[in-house]
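Just so it is clear: in the sequence shown, position 50 is 83 by my numbering, and no numbers are missing. We put the CB at the ideal spot given by N, CA and C, even for glycine. Only one structure is covered here, and it is reproduced in the block below.
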Amino acid sequence: MSGVGPSIGGPRPGFGLRVRLDHKRALASGDFNCRCGELAEDAVGHDEVRQMAVRAERHMRDECPLEEVRAAAAMRDRRRKNPRKKRK
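Structure follows, in structure tokens:
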């Protein structure tokens, strides 16, 4: 990470995508760190965080060299496209 932006997870946040919005007038902040070590970034601001989240998901789904990361991202993508229907 660049060290300029937020530290949502503390000094050693671990891997994954973290986004924080305290209230509707606050700036959104987020950071991402992939398990493969190739992509790590942070962002502050609504549009910047949204773009960072899209880049992070694309990296995890398409470009990450670790098979388990790509498989988990593909499953999240399928769930987003085909949500489970509730039984009534």
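Burial state of residue i, where buried means 16 or more other Cβ atoms lie within 10 Å
i: Met108; result: exposed
i: Val82; result: buried
i: His92; result: buried
i: Lys75; result: Residue identity check: residue 75 is Asp in the sequence provided, not Lys. Burial call: buried.
i: Asn66; result: buried
i: Asp64; result: buried
i: Val37; result: Any reading at Val37 needs caution, since the residue's pLDDT is 47, under 50, leaving its predicted position unreliable; the model's value is listed next. Classification for Val37: exposed.
Member of the options whose CA lies at the smallest distance from the CA of residue i
i: Leu54; options: Ser62, Val102 and Glu96; result: Ser62
i: Ala59; options: Gly78, Ala106 and Cys97; result: Gly78
i: Glu100; options: Arg68, Asp110, Arg117 and Lys118; result: Arg68
i: Glu90; options: Asp80, Pro98, Asp110 and Lys57; result: Asp110
i: Val52; options: Glu71, Arg117 and Asp80; result: Asp80
Bridge partner(s) assigned by DSSP for residue i
i: Leu50; result: Phe65
i: Asp95; result: BP columns for Asp95 are empty, so no partner.
i: Ala73; result: Asn66
Cβ distance (whole Å) where residue i is taken to contact residue j below 8 Å
i: Arg103; j: Arg94; result: 6 Å
i: Leu50; j: Ala73; result: Not a contact, Cβ separation roughly 11 Å.
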